[in-house]
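Residues 1 to 267, numbered by the working numbering, are exactly what the sequence shown covers, in order. Single-structure report; data block below.
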Amino acid sequence: MRSATTPLDLLVPAPEHLPPDTEENRLAALYGAGTGIGRWVRANFVSTVDGGAWGQDHLSGSINDDADWRVFRVLRAAADVVLVGAGTARHEGYTALDRPRGLPAVGGRSLELALVTRSGRVPQQLADGDRPPLVLTGQAGARTASRMVPADRVLTMGSAHDPDEVDLAAGLAVLADRGLRRVLCEGGPTLLAAMLAHDLVDELCVTTSPCLVGPGPSRIVAATPAGASGETPPPAGIPSTPPVPARLAHLLHAPGTGTLVARWLLR
């Protein structure tokens with residue numbers, strides 16, 4: 001099992017040194033503060049200094065580091081379900097999820113994976129696995145998804161203006177009804193854009209990696225959404241997002257690399 005080696009310094013709200021810890025109790029306390037007992041939607045992304053959401057290989061893993069990995073594990077341990085667009089799951093090679101070893105888990109249940117997809121196409125590595133994901137899709141996509149995963153894993157969430165488009169708010173409500181109240185959204189940028197546009201994100205965690213990648217990569221929020229899952233065709237329309245006030249809950253700094261890890265509350 002990989003072990004964290006990078007210490008972190010808490011800069012905000014008060015200086016504190018956080019050495020590597022196998023159980024990450026202090027980090028877990030920081031990220032557990034203020035989440036309440038109801039549904040809580042947390043998005044977690046990594047970005048370069050110049051705003052890129054991935055590196056030259058088009059993968060987010062090429063711009064993260066050990067400091068980001070420490071927080072990534074804590075966030076997954078605290079979640080009931082990871083929400084991700086099917087395009088991102090396909091490109092990043094997602095498989096069935098396991099809780100991070102050695103960290104206390106919330107609720108003692110297994111970590112679920114939920115895909116958002118208009119088309120209903122499930123990445124083959126997930127469709128063929130022993131633990132298929134939940135699939136949030138519209139009416140047309142449900143027919144495709146039901147041929148790839150068991151029918152009870154398909155959640156048909158067509159929106160009012162377009163029954164084939166995914167109603168994200170309704171999908172989150174159904175997940176909560178299943179006891180999956182602590183949602184960790186891991187992307188991609190198009191899904192985050194849709195979630196923010198519909199005011200569905202309570203908290204945004206952003207790691208700023210100390211590098212620049214130049215023009216090309218998307219921002220962590222896609223400029224031109226192409227559908228909730230990053231797939232074509234585009235939806236009838238995602239409303240533009242006005243400025244959303246954000247409050248800095250805490251800021252971590254990795255002294256060896258300069259990596260910054262921020263937690264922003266949007267509620």
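Heads up, the beta-carbon is just placed ideally off N, CA and C, and yes, glycines get one too. All values reported here derive from a predicted model rather than from experimental measurement.
Check Trp69 in the structure and name its three-state DSSP category.
For the purposes of this step, residue 69 is identified with residue 69 of the sequence shown, where counting begins at 1. Helix.
What are the boundary residues of the alpha helix (DSSP H) that includes Leu196?
Here the question's residue 196 lines up with position 196 in the sequence shown. Boundaries of the alpha helix (DSSP H) harbouring Leu196: Pro189 to Ala197, taken from the DSSP string.
Could you pull out every unbroken beta strand (DSSP E) segment of at least 3 residues lying fully inside the segment 92-161, listed in chain order?
If we require 3 residues or more, the beta strand (DSSP E) runs fully inside the segment 92-161 come out as 112-116, 134-137 and 154-156.
C-alpha gap between Ala145 and Val154, whole angstroms:
Mapped onto the sequence shown, residue 145 falls at position 145. Mapped onto the sequence shown, residue 154 falls at position 154. Distance between the alpha carbons of Ala145 and Val154: 7 Å.
Other residues of its chain near Pro217: CB distance less than 7 Å, five sequence neighbours each side excluded:
The residue labelled residue 217 in the question sits at position 217 within the sequence shown. The answer, listed in chain order, is Gly52, Ala53 and Trp54.
For the putative contact between Val174 and Ser47, defined by C-beta atoms under 8 Å, what is the C-beta separation to the nearest angstrom?
Position 174 of the sequence shown holds residue 174. Position 47 of the sequence shown holds residue 47. Not confirmed; about 30 Å, so no contact.
Would you kindly work out how many angstroms separate the C-alpha atoms of Ala254 and Asp128, rounded to a whole number?
If you number the sequence shown from 1, residue 254 lands on position 254. If you number the sequence shown from 1, residue 128 lands on position 128. Cα-Cα distance, rounded: 39 Å.
Every unbroken beta strand (DSSP E) inside the segment 14-91 [3 residues or more]
Listed in chain order, the complete beta strand (DSSP E) runs (minimum 3 residues) inside the segment 14-91 are 16-18, 40-48 and 81-85.
Can you check whether the CB of Val116 is closer than 9 Å to the CB of Leu136?
For the purposes of this step, residue 136 is identified with residue 136 of the sequence shown, where counting begins at 1. For the purposes of this step, residue 116 is identified with residue 116 of the sequence shown, where counting begins at 1. Using a Cβ distance threshold of 9 Å, Leu136 and Val116 count as a contacting pair.
Buried or exposed, going by whether 16 or more other CB atoms sit within 10 Å of the CB of His161?
In the sequence shown, residue 161 corresponds to position 161, counting from 1. Under this definition His161 is an exposed residue.
Going by DSSP, what residues sit across from Leu248 in a beta bridge?
Walking along the sequence shown from the start, residue 248 turns up at place 248. Partner(s): Trp264.
With Leu184 as the anchor, note down where its beta strand (DSSP E) starts and where it stops.
Here residue 184 refers to the residue found at position 184 of the sequence shown. Note, Leu184: beta strand (DSSP E), Arg182 to Cys185.
Between the Cα of Gly271 and those of Ala140, Leu192 and Val106, spot the shortest distance and give me the residue it belongs to.
Residue coverage of the chain in this structure runs from 1 to 267, which leaves residue 271 outside it and unanswerable.
Any idea what DSSP makes of Asp167, helix, strand or coil?
Taking the first residue of the sequence shown as 1, we reach residue 167 at position 167. The DSSP-derived three-state label of Asp167 is coil.
Within 10 angstroms of its Cβ, does Ala236 collect 16 or more other Cβ (buried), or is it exposed?
Taking the sequence shown and counting its residues from 1, one reaches residue 236 at position 236. With a pLDDT of 45 at Ala236, under the threshold of 50, the predicted position of this residue should be treated as unreliable, and no value is reported.
Under DSSP, the beta strand (DSSP E) around Leu212 begins and ends at which residues?
In the sequence shown, counting from the first residue as 1, residue 212 sits at position 212. Per DSSP, Leu212 belongs to no beta strand (DSSP E) and is neither H nor E.
Could you give the C-beta distance for Leu200 and Ala169, rounded to a whole number, given that I count them as a contact under 8 Å?
One-based indexing of the sequence shown puts residue 200 at position 200. One-based indexing of the sequence shown puts residue 169 at position 169. Rounded to the nearest angstrom, the Cβ distance from Leu200 to Ala169 is 6 Å, consistent with a contact under 8 Å.
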